[in-house]
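Trainee: Handing you this structure, nothing more for now.
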Amino acid sequence: MFQVDILNPDGSGRQVHVPDDCLVGSKTSNDIWLDSWRVAKEHARLLRTPSGVLLEDLGSYIGTSVNGVRVTTEHGPLAATDVIGIGPYKLQVPYQPSAVQPVQAAAPHSRSASAAARNQRATAEIHSSRLAAELAQQKRTEPLEDGYPLILAPLARQQLEFEWRQRLHAILLETMDLRRHDVSKMSDAQLRAETQRYLHDIMREQRASLPPQLDHELLARQVLDEAVGLGPLEELLADAGVTEIMVNQFDKIYIERRGRLEKHPLTFTSDRAVLGVIERIVAPLGRRIDESSPMVDARLKDGSRVNAIISPLALKGPALTIRKFAQYKMTADDLVSLGALSAAMAAFLEICVAARKNIVVSGGTGSGKTTLLNILSNFIPAGERIITVEDAAELQLHHEHWISLEARPANVEGKGAVPIRELVRNTLRMRPDRIVVGECRSGEALDMLQAMNTGHDGSLTTLHANSPRDALARLETMVLMAGMELPLPAIREQVAAAIQLIVQQTRFACGTRMVTSITEITGMEGGKFQMQELFRFVNLGYVTTPDGNKVRGYFSGCDMVPSFYESLRAVGNALDMSIFKPGAPS
Numbered sequence: 001m002f003q004v005d006i007l008n009p010d011g012s013g014r015q016v017h018v019p020d021d022c023l024v025g026s027k028t029s030n031d032i033w034l035d036s037w038r039v040a041k042e043h044a045r046l047l048r049t050p051s052g053v054l055l056e057d058l059g060s061y062i063g064t065s066v067n068g069v070r071v072t073t074e075h076g077p078l079a080a081t082d083v084i085g086i087g088p089y090k091l092q093v094p095y096q097p098s099a100v101q102p103v104q105a106a107a108p109h110s111r112s113a114s115a116a117a118r119n120q121r122a123t124a125e126i127h128s129s130r131l132a133a134e135l136a137q138q139k140r141t142e143p144l145e146d147g148y149p150l151i152l153a154p155l156a157r158q159q160l161e162f163e164w165r166q167r168l169h170a171i172l173l174e175t176m177d178l179r180r181h182d183v184s185k186m187s188d189a190q191l192r193a194e195t196q197r198y199l200h201d202i203m204r205e206q207r208a209s210l211p212p213q214l215d216h217e218l219l220a221r222q223v224l225d226e227a228v229g230l231g232p233l234e235e236l237l238a239d240a241g242v243t244e245i246m247v248n249q250f251d252k253i254y255i256e257r258r259g260r261l262e263k264h265p266l267t268f269t270s271d272r273a274v275l276g277v278i279e280r281i282v283a284p285l286g287r288r289i290d291e292s293s294p295m296v297d298a299r300l301k302d303g304s305r306v307n308a309i310i311s312p313l314a315l316k317g318p319a320l321t322i323r324k325f326a327q328y329k330m331t332a333d334d335l336v337s338l339g340a341l342s343a344a345m346a347a348f349l350e351i352c353v354a355a356r357k358n359i360v361v362s363g364g365t366g367s368g369k370t371t372l373l374n375i376l377s378n379f380i381p382a383g384e385r386i387i388t389v390e391d392a393a394e395l396q397l398h399h400e401h402w403i404s405l406e407a408r409p410a411n412v413e414g415k416g417a418v419p420i421r422e423l424v425r426n427t428l429r430m431r432p433d434r435i436v437v438g439e440c441r442s443g444e445a446l447d448m449l450q451a452m453n454t455g456h457d458g459s460l461t462t463l464h465a466n467s468p469r470d471a472l473a474r475l476e477t478m479v480l481m482a483g484m485e486l487p488l489p490a491i492r493e494q495v496a497a498a499i500q501l502i503v504q505q506t507r508f509a510c511g512t513r514m515v516t517s518i519t520e521i522t523g524m525e526g527g528k529f530q531m532q533e534l535f536r537f538v539n540l541g542y543v544t545t546p547d548g549n550k551v552r553g554y555f556s557g558c559d560m561v562p563s564f565y566e567s568l569r570a571v572g573n574a575l576d577m578s579i580f581k582p583g584a585p586s
């Protein structure tokens, strides 16, 4: 036997003693088990000979390196200073066996080891040097049970729980793989029930080894969620206070709560677990993610927006971002009560939507544009035929006469893509009363403007911009992206004729989201857009509160009446002109 020093991806280290002929890979039956989706099941082989230790790469896709140089087939004998790179792990092979009692002793065994042997091995590997160091730091005097303190410090408990989740998950996957079950033909309920049965058997076999300090039921539920559900994301999706979930790496999960980012204590067990969750999300939608197509936009069953990106583009492992879909359908009154806009602004926007004015909601990423668009869409009178066009369907209208269209990405062969622009053009043949485009990003802006200028008044859309004037400049740029080579004055005339209002949504540094401006487009003069601001949020700076710094200010009218109010009054609408009067700090 000889010693191998292993540096884990998180910077911790461990030592193992292995047979003279040992396998390295992600299978739990290997002599050296490296749990990462970047490590093949049987990745490499170490062979001790009289001249030294030889390294053999077993044909893995990602490959094996020594001191940063990729090994083609074999390398050796290894020097004591040589660093072997396998996925995110670093290995070194000192020549002399350590006199210290090994942390993990692995007897030679065949590749087809029995389940009992694997389970025994799982128990031994739990006692890694990392966990032992954390337990030693507690300096506790409590009696020990099976080598563990009866009361664990939070850090040690979390680490111990992570190690067992990781091990049980690996044993579960290997057990299901050995049983040769075709999970593709199972429903979600069948797959969960079958997996739960396997996990129950594994937990029963491991009962004698499981530390008594851990909640076994909670551990089983976490492993089951990661195997067939969304892992630690399950409880975050059920938490109404969480608005966004960001998985930077398998062990780094961040959430947005009340507009603030915070780190979540739970983690995935490996990159492979994150990749499994991503595949479970995109597969039912007919979308795919792999090395040839490493990015994907998708949605969950509840409508939450999902973006995922994996290797080779994501260098630190699969990254996942989920913009949660609110189960509670917000109304304008909710925005008023939250201080996102004033009652006068809400009443004015309702009048504009009912009067079939074309409105653009402008704002930055995460500022609440889609939420506001959904609320404005529900101001549309009942009975009108509404067609919504989105990249990923998020809008939820209460209208009976509503058709929802969603863009489609290309298939495996790079064909079959249906972009938003084609859908917008197609809506013109569907006899719409209103067209609502989730977001204009490129050439579809031209088709949207043409629809607004050809009798489809009352259309709504959103775009990314930091101010109303920036929004108009963005529209010009997106129309040029359509490739029609229109002169700039013609584009500006189209924009000025099509759009009546720009509603600016802003997300402040404290996380507060507000409608900071409602601006009317009054026409063109001297080749420039003429605009007048009707409402604004007057920012008075930040004030310190128990929850941190919060923006303070007040909503105010700008003492300007929109030009189309005269025509609305002419047809008998009762309009309150006092809402446009300047406000004052409360």
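1 is the number of the first residue of the sequence shown in UniProt numbering; add one for each residue after it.
Just so it is clear, CB atoms sit at the ideal spot from N, CA and C, and this is done for glycine as well.
(1) Just reading off the alpha helix (DSSP H) that Thr370 is part of, what are its end residues?
(2) Taking only the alpha-carbon atoms, compute the straight-line gap between Ile6 and Tyr89 and give it to the nearest angstrom.
(3) By DSSP, does Phe2 sit in helix, in strand, or in coil?
(4) Are the beta-carbon atoms of Arg474 and Ala482 separated by less than 8 Å?
(5) Could you pull out every unbroken alpha helix (DSSP H) segment of at least 4 residues lying fully inside the segment 361-440, listed in chain order?
(6) Can you name, in chain order, every residue of its own chain whose Cβ lies under 6 Å from the Cβ of Thr269, other than the five neighbours on each side?
(7) DSSP three-state label for Ser112, please.
(8) Which one of Gln500, Leu341 and Val39 has the shortest CA to CA distance from Gly368?
(9) What do you reckon, are the CB atoms on Ser517 and Pro468 nearer than 8 Å?
(10) Along the chain, which unbroken stretches of the alpha helix (DSSP H) at least 4 residues long are found entirely within the segment 188-249?
(11) Report buried or exposed for Met577, applying the criterion of at least 16 other Cβ atoms within 10 angstroms of its Cβ.
(12) Which two residues bound the contiguous alpha helix (DSSP H) that contains Ser567?
(13) Are three or more beta carbon pairs between the segment 353-369 and the segment 389-401 nearer than 8 Å?
(14) Are the CB atoms of Arg45 and Leu34 nearer to each other than 8 Å?
(15) Distance check for Leu266 and Leu218, CA to CA, integer angstroms please.
(16) Sorted by chain position, which residues of the same chain lie with C-beta nearer than 6 Å to Gly87's C-beta, five sequence neighbours on each side aside?
(17) Give every residue of the same chain whose Cβ lies closer than 7 Å to the Cβ of Val561, excluding the five residues on either side of it in the sequence, and list them in chain order.
(18) Can the beta-carbon of Trp508 be found less than 8 Å from the beta-carbon of Val551?
(19) For Arg441 and Val479, what's the separation of their Cα atoms in angstroms?
(20) With burial defined as no fewer than 16 other Cβ atoms inside 10 Å of the residue's Cβ, what is the status of Asp31: buried or exposed?
(21) Could you say which of Arg258, Gly523, Asn378 and Thr461 lies nearest to Gly511 if we only look at CA atoms?
(22) Nearest to Ile375 by alpha carbon, out of Val242, Val515, Glu493 and Val296?
(23) Go through the segment 3-82 residue by residue and report every complete run of the alpha helix (DSSP H) that reaches 4 residues or more, in order.
(24) Are at least three pairs of beta-carbons, each pair with one atom in the segment 431-447 and one in the segment 496-503, less than 8 Å apart?
(25) For Arg272, which residues in the same chain have their Cβ closer than 6 Å to its Cβ, ignoring the five residues on either side in sequence?
(26) Start and end of the alpha helix (DSSP H) containing Asn453?
(27) Considering only residues of the same chain and omitting the five flanking positions on each side of Asn453, which have a CB-CB separation below 6 Å?
(28) Roughly how far, in whole angstroms, is the beta-carbon of Gly52 from the beta-carbon of Ser65, given that I think they are within contact range, below 8 Å?
(29) Leaving out five residues on either side along the sequence, give the residues of the same chain with a beta carbon under 7 Å from the beta carbon of residue 597.
(30) Going by C-alpha to C-alpha distance, which of Leu449, Leu338, Arg299 and Asp21 sits closest to Glu476?
Mentor: Straight from the coordinates:
(1) Numbered from its first residue, the sequence shown carries residue 370 at position 370. Note, Thr370: alpha helix (DSSP H), Lys369 to Ser377.
(2) On the sequence shown, position 6 is the one that residue 6 refers to. On the sequence shown, position 89 is the one that residue 89 refers to. Approximately 7 Å between the Cα atoms of the pair.
(3) On the sequence shown, residue 2 is found 2 positions in, with the first residue counted as 1. DSSP places Phe2 in strand when its eight states are reduced to three.
(4) Stepping through the sequence shown from its first residue, residue 474 is reached at position 474. Stepping through the sequence shown from its first residue, residue 482 is reached at position 482. No, the pair does not count as a contact, with Cβ atoms beyond the cut-off.
(5) 369-377 and 420-427
(6) Within the sequence shown, numbered from 1, the residue matching residue 269 stands at position 269. Counting only Cβ-Cβ distances below 6 Å, and skipping sequence neighbours, we find Arg165, Gln166 and His169.
(7) Along the sequence shown, one-based indexing puts residue 112 at 112. Residue confidence is low: Ser112 scores 38 on pLDDT, short of 50, so the model does not pin down where it sits. No coordinate-derived value is stated.
(8) Start at 1 with the first residue of the sequence shown, and residue 368 comes out as number 368. The option with the nearest alpha carbon to Gly368 is Leu341.
(9) For the purposes of this step, residue 517 is taken as the residue at position 517 of the sequence shown. For the purposes of this step, residue 468 is taken as the residue at position 468 of the sequence shown. Cβ atoms of Ser517 and Pro468: closer than 8 Å.
(10) 188-205, 216-228 and 233-238
(11) In the sequence shown, residue 577 corresponds to position 577, counting from 1. When all chains shown are included, Met577 counts as exposed.
(12) Within the sequence shown, numbered from 1, the residue matching residue 567 stands at position 567. Taken as a continuous stretch (DSSP letters only), the alpha helix (DSSP H) holding Ser567 covers Tyr565 to Ala570.
(13) no
(14) Within the sequence shown, residue 45 is the residue found at index 45, counting from 1. Within the sequence shown, residue 34 is the residue found at index 34, counting from 1. No; because the gap between Cβ atoms is not below 8 Å, this pair is not in contact.
(15) Within the sequence shown, residue 218 is the residue found at index 218, counting from 1. Within the sequence shown, residue 266 is the residue found at index 266, counting from 1. The straight-line gap from Cα to Cα measures roughly 13 Å.
(16) Position 87 of the sequence shown holds residue 87. Around Gly87: Ser36, Arg38 and Val39.
(17) Counting from 1 along the sequence shown, the entry for residue 561 is found at position 561. Excluding positions up to five away in sequence, the list reads Met577 and Phe580.
(18) Taking the first residue of the sequence shown as position 1, residue 508 is located at position 508. Taking the first residue of the sequence shown as position 1, residue 551 is located at position 551. The sequence shown places Phe at residue 508, rather than the Trp named in the question. Cβ distance < 8 Å, so Phe508 and Val551 count as in contact.
(19) As a working note, residue 441 is residue 441 in the sequence shown. As a working note, residue 479 is residue 479 in the sequence shown. Going from the Cα of Arg441 to the Cα of Val479 covers about 10 Å.
(20) Within the sequence shown, numbered from 1, the residue matching residue 31 stands at position 31. Buried: at least 16 other Cβ atoms inside 10 Å.
(21) Counted from its first residue, the sequence shown places residue 511 at position 511. Comparing Cα-Cα distances from Gly511 to each of Arg258, Gly523, Asn378 and Thr461, the minimum goes to Arg258.
(22) Sequence index remark: in the sequence shown, residue 375 carries index 375 (1-based). Minimum Cα distance to Ile375 is reached at Val515.
(23) none
(24) no
(25) Here residue 272 is taken as the residue at index 272 of the sequence shown, counted from 1. Cβ neighbours of Arg272 beyond the five flanking positions: Trp37.
(26) Against the sequence shown, residue 453 aligns to sequence position 453. Segment Glu444 to Asn453, the alpha helix (DSSP H) holding Asn453.
(27) Here residue 453 refers to the residue found at position 453 of the sequence shown. Same-chain partners within the cutoff: Ala497 and Ala498.
(28) The sequence position of residue 52 within the sequence shown is 52, counting from 1. The sequence position of residue 65 within the sequence shown is 65, counting from 1. The Cβ separation is near 18 Å, so there is no contact.
(29) As displayed, the chain neither begins before 1 nor continues past 586, which places residue 597 out of reach and without an answer.
(30) For the purposes of this step, residue 476 is taken as the residue at position 476 of the sequence shown. It is Leu449.
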